[in-house]
Amino acid sequence: MKTSITKNKGLFRYKTIRKLFAAVFWLCVWQLIYFAVRQEILIVSPVHVLQKLIALSKESTFWLTAFFSMTRILEGFLLGIFTGSLLAICTCVSSMLYDIFHPVISIIKATPVASFIILALVWIPSAHVPAFTSFLMVTPIVWANVFQGIEKTDENLLQMAAAYRFGTVKTVRRVYIPSIMPYFTAACTTGLGLAWKAGIAAEVLANTPLSVGGQIYNSKIYIETDSLFAWTVVVVAMSVLLEWLMVRFMKTMGQKYNVEQ
Amino acid sequence: MMGKCKLEIINLTKTYNDKNIFDHFSLTLPEKGTVCLYGPSGCGKTTLLNCIAGLEPYDSGVIAGVEKRKIAYLFQENRLLPWISAAENIAAVLRGNEIQNREEARIWMRLVGLEGEEDKLPAQLSGGMKRRVAIARVLAYGGDLFLLDEPFRGLDPESKEQMISLIKQRTNDALKILVTHDKQEAEILADITYILSGPPVKIDKKIERNLQEVM
Numbered sequence: 004m005k006t007s008i009t010k011n012k013g014l015f016r017y018k019t020i021r022k023l024f025a026a027v028f029w030l031c032v033w034q035l036i037y038f039a040v041r042q043e044i045l046i047v048s049p050v051h052v053l054q055k056l057i058a059l060s061k062e063s064t065f066w067l068t069a070f071f072s073m074t075r076i077l078e079g080f081l082l083g084i085f086t087g088s089l090l091a092i093c094t095c096v097s098s099m100l101y102d103i104f105h106p107v108i109s110i111i112k113a114t115p116v117a118s119f120i121i122l123a124l125v126w127i128p129s130a131h132v133p134a135f136t137s138f139l140m141v142t143p144i145v146w147a148n149v150f151q152g153i154e155k156t157d158e159n160l161l162q163m164a165a166a167y168r169f170g171t172v173k174t175v176r177r178v179y180i181p182s183i184m185p186y187f188t189a190a191c192t193t194g195l196g197l198a199w200k201a202g203i204a205a206e207v208l209a210n211t212p213l214s215v216g217g218q219i220y221n222s223k224i225y226i227e228t229d230s231l232f233a234w235t236v237v238v239v240a241m242s243v244l245l246e247w248l249m250v251r252f253m254k255t256m257g258q259k260y261n262v263e264q
Numbered sequence: 007m008m009g010k011c012k013l014e015i016i017n018l019t020k021t022y023n024d025k026n027i028f029d030h031f032s033l034t035l036p037e038k039g040t041v042c043l044y045g046p047s048g049c050g051k052t053t054l055l056n057c058i059a060g061l062e063p064y065d066s067g068v069i070a071g072v073e074k075r076k077i078a079y080l081f082q083e084n085r086l087l088p089w090i091s092a093a094e095n096i097a098a099v100l101r102g103n104e105i106q107n108r109e110e111a112r113i114w115m116r117l118v119g120l121e122g123e124e125d126k127l128p129a130q131l132s133g134g135m136k137r138r139v140a141i142a143r144v145l146a147y148g149g150d151l152f153l154l155d156e157p158f159r160g161l162d163p164e165s166k167e168q169m170i171s172l173i174k175q176r177t178n179d180a181l182k183i184l185v186t187h188d189k190q191e192a193e194i195l196a197d198i199t200y201i202l203s204g205p206p207v208k209i210d211k212k213i214e215r216n217l218q219e220v221m
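Protein sequence lines correspond, in order, to chains A and B. First residue of the first sequence? That's 4 in my numbering, and the numbers climb one at a time after it. First residue of the second sequence? That's 7 in my numbering, and the numbers climb one at a time after it.
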């Protein structure tokens, strides 16, 4: 009897080649849509966007703009991680604190980002609005995931740690952190994407100086579709790069401290 | 040095989910030797061990003679940390510095016949191997009171024999409370066997054996 394995055959067994093929496929789709529409104001070709990107990258303000936007969003993201984790620990320890913070977190999760951005524009200087918005988006996700991670820590392992007199520090290091880590990593990955989306939206609405969002806003005002596409590509590229760096960092730390991702 | 005295359970009462687990249960255990608790599943043997270990609260009564003892507990399940290697699981319960602990853990791995398996994660080991790591861990931790809940569960006859001999060797001066469903295990190891039933837990029969015969 003949058996054939058709899965992962030939060139496509390599992950990189498969990914490259997917990218080329979507670029072709984009180009075809461009050919079909043929209106630069609605859609620009990938080649044109690349040319625009090259032109932009020759200016020092491009790099400064990208850098400052990244800094603002990272600031909100890191603050969100810290606050979310701290809240998760506090609400796990005290059910009173859980009852206090749970409605607030639920409200933040349900409220549209635009409402927060507009309110933040009233409350705080516009330069801080993107970081604040990113922070608000990340905090509930990290809180919910870390809280779940703590709650789902294996009771049997905790009992074992108590029986062998691990103490608080060792129990946290050996039992809690490895249990929480997969939840935390998932929260960071989702949170980073949201931080970018919300942060850039806040930059657009606040028209923050030296910001990617500000540039996107200007592109809309001056109907520069190529510029809008180019800056969007910049946002996507920075988001993907940061996510990749974060996952690498977490993997390295996980291997160093025997923590599963 | 830890003080040795009898372990006394006096009028222990515990209710769980409206179920009476202990109803004024009393038991006196010797300073050392092996006491076997033999009884059907669900009669409350593991709960009794948990109460002795201080891991489960009880409603009333006294458990005297555990305060000065170092308790080493081998749980019914292996309860190995899944994210660290077999040797690291043993090292995790040791008190020395990291290098000493690692070395000692390797020695224990050798003693339980798992040389070469030190760096494997628990998930990469068979059920019997995991049990041997758990046994190595409890012995490495050491103590005056060993709570052994179905210690040889999942072991093949040869490994079981090796583990019985290792436990006997390494816990000579300690009091061991052994929970088992296996009559043969009780006969080989125990100085005193209590046949229990319940819940609520009660002693149906006490079988004593001359200490000299076993040690």
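Backbone N, C-alpha and C define an ideal beta-carbon position, used for all residues, glycine too.
DSSP on residue i, reduced to helix/strand/coil?
| i | result |
| --- | --- |
| Lys51 of chain B | helix |
| Ala243 of chain B | The requested residue 243 of chain B is not part of the displayed model; chain B covers only 7 to 221. |
| Thr86 of chain A | helix |
| Val40 of chain A | helix |
| His30 of chain B | strand |
| Gly39 of chain B | strand |
| Tyr200 of chain B | strand |
| Asn221 of chain A | helix |
| Glu62 of chain A | coil |
| Leu154 of chain B | strand |
| Glu214 of chain B | strand |
| Val68 of chain B | strand |
| Leu13 of chain B | strand |
| Ile1 of chain A | Not covered by the structure: residue 1 of chain A. The range shown for chain A is 4 to 264. |
| Tyr44 of chain B | strand |
| Val207 of chain B | coil |
| Leu248 of chain A | helix |
| Leu213 of chain A | coil |
| Lys76 of chain B | coil |
| Lys25 of chain B | strand |
| Met7 of chain B | Below a pLDDT of 50, predicted positions are generally treated as unreliable, and Met7 of chain B, at 41, falls in that range; no measurement from the model is reported. |
| Ala112 of chain A | A small fix is needed here, since residue 112 of chain A is Lys in this sequence, not Ala. Reduced to three states, the DSSP call for Lys112 of chain A is helix. |
| Thr186 of chain B | strand |
| Leu56 of chain A | helix |
To the nearest angstrom, report how far apart residue i and residue j are at their CA atoms.
| i | j | result |
| --- | --- | --- |
| Phe150 of chain A | Ser109 of chain A | 14 Å |
| Glu193 of chain B | Met169 of chain B | 16 Å |
| Ile198 of chain B | Lys174 of chain B | 15 Å |
| Met184 of chain A | Gly152 of chain A | 8 Å |
| Val118 of chain B | Val139 of chain B | 7 Å |
| Glu14 of chain B | Lys51 of chain B | 16 Å |
| Glu246 of chain A | Thr192 of chain A | 6 Å |
| Met73 of chain A | Met241 of chain A | 8 Å |
| Leu217 of chain B | Leu181 of chain B | Unreliable positioning characterises Leu217 of chain B in this predicted model, as indicated by a pLDDT of 41, which lies under 50. A coordinate reading is not provided. |
| Val178 of chain A | Lys76 of chain B | 22 Å |
| Gly170 of chain A | Val125 of chain A | 48 Å |
| Asn107 of chain B | Lys22 of chain A | 46 Å |
| Leu172 of chain B | Ile183 of chain B | 16 Å |
| Leu35 of chain A | Gly216 of chain A | 28 Å |
| Met221 of chain B | Leu195 of chain B | Bear in mind that a pLDDT of 34 at Met221 of chain B, under 50, signals an unreliable position, so the number given afterwards is only what the model happens to contain. Their Cα atoms are separated by approximately 10 Å. |
| Leu145 of chain B | Met135 of chain B | 15 Å |
| Gly67 of chain B | Leu161 of chain A | 26 Å |
Kindly indicate if chain B contains any beta-carbon less than 8 Å away from that of residue i.
| i | result |
| --- | --- |
| Ala266 of chain A | What is shown of chain A runs 4 to 264, which leaves residue 266 of chain A out entirely. |
| Met163 of chain A | yes |
| Pro128 of chain A | no |
| Asn159 of chain A | yes |
| Pro181 of chain A | yes |
| Arg177 of chain A | yes |
Using 8 Å for Cβ pairs, my map puts residue i next to residue j. What's the rounded Cβ distance?
| i | j | result |
| --- | --- | --- |
| Glu156 of chain B | His187 of chain B | 7 Å |
| Ala198 of chain A | Phe80 of chain A | 4 Å |
| Leu139 of chain A | Phe119 of chain A | 6 Å |
| Ala129 of chain B | Ala111 of chain B | Actually they do not touch by this definition, with Cβ atoms about 18 Å apart. |
| Gly87 of chain A | Ile144 of chain A | 7 Å |
| Val207 of chain B | Ile27 of chain B | 7 Å |
| Lys12 of chain B | Leu35 of chain B | 6 Å |
Residue i CB to nearest chain A CB: under 8 Å?
| i | result |
| --- | --- |
| Arg85 of chain B | yes |
| Ala97 of chain B | no |
| Tyr79 of chain B | yes |
| Leu61 of chain B | yes |
| Tyr64 of chain B | no |
| Tyr22 of chain B | no |
| Leu13 of chain B | no |
| Trp114 of chain B | no |
| Asn216 of chain B | For Asn216 of chain B, the predicted model reports a pLDDT of 49, less than 50, meaning its position is unreliable; a value from the coordinates is still stated below. So no, Asn216 of chain B is outside the interface. |
| Tyr200 of chain B | no |
| Tyr147 of chain B | yes |
For a minimum of 4 consecutive residues, which ranges assigned as the alpha helix (DSSP H) are wholly contained in the stretch 100–134 of chain B? 104–117
So within the stretch 119–184 of chain A, which uninterrupted alpha helix (DSSP H) runs reach at least 4 residues, ignoring any that extend past its ends? 132–154, 158–166, 170–174
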